[in-house]
Structure formats: structure tokens, C-alpha cells
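What follows is a single structure, written as C-alpha cells, with notes after it.
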Amino acid sequence: MTQATQQEIYLAKRPTGLPTMEDFNFVERPIPTLNNKEVLIRTLYVSVDPYMRGRMQDTKSYIPPFKLDEVIVGGVVGEVSKSNSDAFQPGDVVVGNLNWAEYTAAMEKDIRKIDPSIAPITTHLGILGMPGLTAYFGLLDIGKPQKGETVVVSGAAGAVGSIVGQIAKMKGAKVVGIAGSDEKVDYLKSELGFDEAVNYKNDSFQQDLENAASDGVDIYFDNVGGEVTDVVFRLLNKHARIPLCGAISSYNKEGQDVGPRLQSAMIKTSALMKGFTVGDYSADFGTAAADLGKWLAEGKLKYNETIVEGFENIPNAFLGLFEGTNLGKQLVKVADPEITKL
Numbered sequence: 001m002t003q004a005t006q007q008e009i010y011l012a013k014r015p016t017g018l019p020t021m022e023d024f025n026f027v028e029r030p031i032p033t034l035n036n037k038e039v040l041i042r043t044l045y046v047s048v049d050p051y052m053r054g055r056m057q058d059t060k061s062y063i064p065p066f067k068l069d070e071v072i073v074g075g076v077v078g079e080v081s082k083s084n085s086d087a088f089q090p091g092d093v094v095v096g097n098l099n100w101a102e103y104t105a106a107m108e109k110d111i112r113k114i115d116p117s118i119a120p121i122t123t124h125l126g127i128l129g130m131p132g133l134t135a136y137f138g139l140l141d142i143g144k145p146q147k148g149e150t151v152v153v154s155g156a157a158g159a160v161g162s163i164v165g166q167i168a169k170m171k172g173a174k175v176v177g178i179a180g181s182d183e184k185v186d187y188l189k190s191e192l193g194f195d196e197a198v199n200y201k202n203d204s205f206q207q208d209l210e211n212a213a214s215d216g217v218d219i220y221f222d223n224v225g226g227e228v229t230d231v232v233f234r235l236l237n238k239h240a241r242i243p244l245c246g247a248i249s250s251y252n253k254e255g256q257d258v259g260p261r262l263q264s265a266m267i268k269t270s271a272l273m274k275g276f277t278v279g280d281y282s283a284d285f286g287t288a289a290a291d292l293g294k295w296l297a298e299g300k301l302k303y304n305e306t307i308v309e310g311f312e313n314i315p316n317a318f319l320g321l322f323e324g325t326n327l328g329k330q331l332v333k334v335a336d337p338e339i340t341k342l
């Protein structure tokens with residue numbers, strides 16, 4: 001009997017500059033067989049995230065690089081098709097860091113069951129998943145917003161930034177978002193309740209930001225880096241805090257990124273800038289997830305998702321992150337559940 005096959009996506013070569021479709025390779029492989037305590041998961045949704053660009057480089061970082069000619073791994077929500085584990089049954093919906101593949105065999109310890117009746121399953125890749133946790137810890141632990149302070153968020157219409165701004169509003173801060181289109185600016189103000197929002201692509205960006213943050217910047221949640229951050233740093237208040245979450249503006253640059261030196265601005269303002277990754281807070285994930293879930297249920301948090309359909313479109317969705325095509329969390333829908341009744 002011929003063994004059933006499925007598609008997987010491999011890293012074909014390490015990108016130079018902006019990745020292209022040539023950096024990915026679609027490979028047909030047998031559907032995995034299971035060992036003891038393993039679960040066969042049928043992929044339903046795949047998350048594509050900016051941090052994955054760094055893993056395509058063979059450089060030292062907080063997480064190992066992807067290997068050439070091996071399957072790429074990322075956030076996935078899937079449905080259990082078969083199980084050699086007492087902890088999971090066919091039809092269970094799970095989330096984990098799994099293969100860019102139509103099917104993945106995973107150890108029971110590497111996946112977590114989710115309840116589709118509490119919130120849409122996609123939220124576990126967004127507002128209730130890594131982006132939500134990143135926003136929560138970066139803002140509350142490093143930023144420590146106080147009532148009446150001004151919080152500026154770059155990449156504000158993305159999966160992390162949009163949540164940062166809403167939590168900051170809950171804490172009584174004035175929130176200013178920076179985004180890359182007038183549509184996103186309107187979304188931040190009219191849908192998410194940001195006090196102000198500005199388009200960094202406008203020639204008047206610097207003046208627009210000065211007007212929006214007229215009392216200066218107490219907290220800058222940085223998802224972008226580059227020239228946007230250069231402008232924000234001119235507006236820092238005394239004892240400003242800068243949670244450094246990402247620098248997407250430089251992820252595809254060849255060679256070293258350059259720009260104004262930050263030391264003088266930080267000395268003059270006694271500012272604190274701290275880089276972090278969500279894994280730094282793994283011991284407190286349960287508390288954060290409970291808070292995010294509560295706020296979502298109470299209607300205090302809103303979210304948006306940009307969903308592309310089709311396994312074959314995963315690389316294109318990933319590339320779109322660097323063009324700013326997504327509003328909120330970027331996901332790829334691979335399949336509908338076969339067993340689970342959602």
C-alpha cells in the first residue's frame with residue numbers, strides 16, 4: 001500500500017535582504033507515523049511572525065536559526081487526527097510550535113489543548129497567544145504605565161502594538177499609535193480607542209508626532225526601530241521607559257544598521273531601555289493569559305486578524321509582513337476541522 005503524503009515548507013537558502021519565494025521549497029513527504037506519547041496534528045491555522053526572519057540567518061540570537069533544507073517551524077493551531085497519548089483524543093484542538101506542514105507529529109508535552117467554546121481558536125495565535133503575552137509583559141513589566149502618562153507605540157496596528165495600546169488605555173494613559181497607512185491610523189482611533197495616531201509615511205510625520213505627543217513621551221513601546229525610533233527619541237521625557245520588542249525596519253537590511261546614537265538622549269532623560277522576548281516571562285504565562293482572557297471576555301480588548309487562505313500561500317503571507325499588508329495578526333488558514341464541531 002502506498003503511504004499517504006503531505007506538503008511541508010523548507011528553508012531552501014538563507015535570504016539576502018528581503019526574502020523571496022526562492023528562499024522556500026515545497027516538499028512532498030509521507031504523513032508522519034506516531035511513536036509512543038505522540039499526537040498527529042492536522043494543521044488548521046499557521047501564524048507568520050516577523051521574528052522568523054531572524055531565524056533565517058545563521059547568526060547567534062535568543063533562539064536557534066532554522067536549518068537549511070529542513071522544515072520551518074512556527075505557531076500552529078491544529079486538530080488531533082490520531083493519538084498515541086492518553087492526554088489527547090482525535091478531535092481535540094491544540095496549539096503549539098509546529099511544522100509548516102499539513103500534518104505534524106508532536107510529543108504530548110509540546111502541545112496544549114484549547115477550548116473552542118471560550119474564544120475563536122485563532123486567538124491562541126494572536127491576542128491570547130504569543131503577541132498578547134508579548135504586549136502584556138513588555139508594557140506592564142518594563143513600561144509600567146501610570147495614569148496620565150503618554151505612551152507611544154510603533155507598529156501600532158500590528159498584532160502586538162494594537163494590544164499594547166489598548167492595555168495602556170486601560171491603565172489610564174494617553175496613547176499615540178504610529179502606523180503605515182491612513183486606513184490603519186483611522187482603525188487605531190475609531191476602533192481601538194487610541195487617543196491619537198500618525199502615519200510615518202507622511203512627509204509631515206515628525207511634526208504630526210510632536211503635535212500628537214505634545215507633552216512628550218513617557219513610554220515608547222518599540223516594534224520598529226530605524227528612522228521612526230530616531231524621531232520618537234527626540235520627544236522622550238525625564239525617566240522615560242522604552243520596552244524594546246522588535247526592529248522590523250532593519251530585519252532585511254544587508255550589513256549593519258546605522259543611525260543616530262541613542263546614548264546622549266538616554267543620559268539627558270535618565271531613560272530606561274530594555275530589550276526582551278516573551279520567553280523571559282514563561283514562568284508567569286498563566287497569570288497573563290488569565291488577565292488577557294478576562295479582558296477579552298469583558299470587551300475591554302478588541303483584535304483584528306488578516307487571514308490568507310491556502311497552505312501554498314504561507315510564504316507570501318510571511319513576505320507581506322515586511323510590506324505592512326496586515327491589519328492585526330497575520331494568519332494563514334490551511335484547513336477546516338474534520339472532527340471538531342466549532
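Going left to right, the sequence shown walks through residues 1 to 342 as the UniProt record's numbering numbers them. Cβ atoms here follow ideal geometry from the backbone N, Cα and C, with glycine treated the same way.
- The Cβ atoms of G126 and N223 do not sit closer than 8 Å to each other.
- Check the Cα spacing between I9 and each of G54, G74, K37, P65: the tightest is with G74.
- For Q6, no alpha helix (DSSP H) run applies; the uninterrupted beta strand (DSSP E) run containing it begins and ends at 5-11, by DSSP.
- Here S270 carries a coil assignment [DSSP, helix/strand/coil].
- Spatial neighbours of P15 in its own chain (CB-CB distance under 6 Å, excluding positions within 5 residues in sequence) are listed in chain order as D23, M56.
- When secondary structure is reduced to three states using DSSP, R241 falls in the strand class.
- K329 is bridged by DSSP to E305.
- For T150, the enclosing beta strand (DSSP E) starts and ends at 150-154.
- As DSSP reads the structure, L98 sits in a beta bridge with G74.
- Leaving aside the five residues that flank N252 on each side, the residues in its chain whose CB is nearer than 8 Å to its CB run, in chain order, P15, G17, L18, P19, R53, F322.
- Put simply, the backbone Cα of K333 is about 16 Å away from that of P116.
- For N223, no alpha helix (DSSP H) encloses it, and the DSSP letter there is neither H nor E.
- Apart from sequence neighbours up to five positions away, the residues of its chain that approach A335 with a beta-carbon distance below 7 Å are R42, T43, L44, ordered along the chain.
- Straight-line spacing of the CA atoms in E70 and T5 works out to 17 Å.
- DSSP, read as helix, strand or coil, puts E227 in helix.
- Exposed is the label assigned to D86, since fewer than 16 other Cβ atoms lie within 10 Å of its Cβ.
- DSSP, read as helix, strand or coil, puts G310 in coil.
- For S47, the enclosing beta strand (DSSP E) has its first and last residue at 38-47.
- Relative to E338, the option among V93, A265, D230, H124 whose CA is nearest is V93.
- Residues F233, R234, L236, A271 of the same chain have their beta carbon placed closer than 8 Å to that of A265, with the five preceding and five following residues left out of the count.
- Counting the other Cβ atoms within 10 Å of the Cβ of H239 gives fewer than 16, which makes it exposed.
- In the displayed model, F285 falls within a helix according to three-state DSSP.
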